[in-house]
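Each residue of the sequence shown is one higher than the one before, counting from 138 in the working numbering.
Below: one structure, written as structure tokens.
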Amino acid sequence: MMAAETYQFQLGGWTCWSIQDENGGPPVSDLFGEVPPQDRHFIPYPDDHVLDMSFNCLLIHTGDEYILLDSGNGVDSGGDGRLLQNLATLNITPDQINAVVLSHAHGDHYAGMLHSSGAKVFPNARYVMWRDEWLYYGTDEHRERERQRPNGEMRVQLWETYFRPLEKYLTFVDAAAPQIAPGITARPTPGHSKHHIAIEVAAQGETLLYTGDAFLHPLYFQHPEWRFRNDIDATDTEQSRRTLIAEALKKNALIHSFHFPFPGLGHLVEENGALEWQPVMLA
Ligand SMILES: [Zn+2]
138 MMAAETYQFQ LGGWTCWSIQ DENGGPPVSD LFGEVPPQDR HFIPYPDDHV
188 LDMSFNCLLI HTGDEYILLD SGNGVDSGGD GRLLQNLATL NITPDQINAV
238 VLSHAHGDHY AGMLHSSGAK VFPNARYVMW RDEWLYYGTD EHRERERQRP
288 NGEMRVQLWE TYFRPLEKYL TFVDAAAPQI APGITARPTP GHSKHHIAIE
338 VAAQGETLLY TGDAFLHPLY FQHPEWRFRN DIDATDTEQS RRTLIAEALK
388 KNALIHSFHF PFPGLGHLVE ENGALEWQPV MLA
């Protein structure tokens, strides 16, 4: 039997689904390679252990609109994205999606927004992202930066096909106007990317924090100071993680994390100064 790849839950009066786009993990050495040697004992696996990493998009039905947070790896891009296939099992078609929100400008989040032809995968949706993230990653200057990195040409090709052409479809949120839709608000949480955002979803007194890639593994809740090698700024990342943790505790928020094991949902609980991650378990 196929493992479930959609998980439905209620937030306030809204119906939401965590939807797996892909799964398959990196080894411990990849995700925790920069952890200081004196902290290594906090990681309960050997270096070559392969972690359970998922790619979880979030779909929210507010009553008025279907709003999708991140789009996954896509299919045209050479990715193995199953988002559309999993949407179909919910009897939801791409043309029903009203908005797609991008947490940050990395391919595993944006490549599902466009076909290789440049056409929108979600033809009726407004495409929303943080203005400064676009201003940093949408430029010719960024193309040159990408060329300097390992696998530069491959990265540029993905960017040219699936990111740069977004320009003509995008609407922006920014510090002056962070609201995406009523109850859905962008929260600047830089560090993983230059202007990464988290997304706060508030429905009838209940709060969900969509944390994108601020935490790539639950151990980062206990160690927000640990550096992940792909974060663009470790100091910003740590600050953003601490802000999100404080916010989650204050609001008793349900947390959604893009790369945690599916469905990527859970609560943070603080006991005697120690943080515990309590994941939502699949039935
Ligand atoms: Zn990611």
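We put the beta carbon where it would ideally sit given N, CA and C, even for glycine.
Contact set for residue i: own chain, Cβ-Cβ below 7 Å, skip 5 residues either direction
i      : result
GLY218 : ASP158, GLU159, GLY209, ASN210, GLY211, VAL212, GLY249
ALA262 : ILE234, ASN235, ALA236, VAL237
C-alpha gap between residue i and residue j, whole angstroms
i      : j      : result
ARG301 : ILE382 : 33 Å
ILE140 : ASN193 : Inspection of the sequence shows that residue 140 is occupied by Ala rather than by Ile. One C-alpha to the other measures close to 14 Å.
GLU421 : ASP184 : Only positions 138 to 420 of the chain appear in this structure, which leaves residue 421 out of reach.
ASN409 : ASN389 : 17 Å
GLN341 : GLN147 : 11 Å
GLU413 : LEU356 : 10 Å
ASN223 : ARG284 : 34 Å
ASP373 : HIS279 : 20 Å
TRP154 : PHE169 : 29 Å
ALA312 : HIS333 : 13 Å
VAL310 : TYR273 : 15 Å
THR276 : GLY289 : 16 Å
ALA236 : ARG366 : 31 Å
Cβ-based neighbour list, residue i, same chain, cut-off 6 Å, excluding 5 preceding and 5 following
i      : result
HIS404 : GLN415
VAL172 : TRP363
ASP207 : CYS194, SER240, HIS246
Top-ranked residue by Cα proximity to residue i, from the options
i      : options                        : result
LEU353 : THR230, GLN341, GLU375         : GLU375
ARG292 : HIS333, ASP245, ILE180         : ASP245
TRP267 : THR322, GLN285, GLN294, ASN223 : THR322
ILE234 : TYR144, HIS198, PRO361, TRP296 : HIS198
PRO319 : GLU202, GLY162, ASP189, THR143 : GLU202
ILE123 : TYR182, LEU221, LEU205, LEU168 : The structure shown has nothing for residue 123, since the chain only spans 138 to 420.
GLY162 : THR308, GLY200, PHE397         : PHE397
ALA385 : ALA420, LEU346, LEU419         : LEU346
VAL258 : TYR274, ASP232, ARG280, GLU283 : ASP232
SER254 : GLU297, ARG284, LEU188, TYR264 : GLU297
TYR144 : PRO174, GLN175, THR226         : THR226
ALA361 : LEU251, ASP176, GLU142, SER166 : Before going further, note that residue 361 is Pro rather than Ala in the sequence given. Minimum Cα distance to PRO361 is reached at ASP176.
ILE392 : PRO325, PHE358, ASN367         : PHE358
PHE395 : GLY149, TYR182, ILE180, LEU196 : LEU196
THR344 : GLY216, LEU303, LEU402         : LEU402
Own chain partners of residue i with C-beta closer than 8 Å, once the 5 adjacent residues on each side are dropped
i      : result
ASP370 : PRO327, GLY328, LYS331
LEU295 : SER214, GLY244, ALA248
ILE229 : LEU196, TYR203
For residue j and residue i, believed in contact at Cβ under 8 Å, the rounded distance
i      : j      : result
VAL165 : HIS186 : 5 Å
TYR299 : LEU221 : 15 Å between Cβ atoms; not a contact.
Distance cut-off 7 Å: residue i Cβ against heavy atoms of ligand 2
i      : result
LEU205 : In the structure shown, ligand 2 is absent; the only ligands present are ligand 1.
### Exercise answer, beta-carbon shell around ligand 1 heavy atoms below 6 Å
HIS243, ASP245, HIS246, ASP350, PHE395, HIS396
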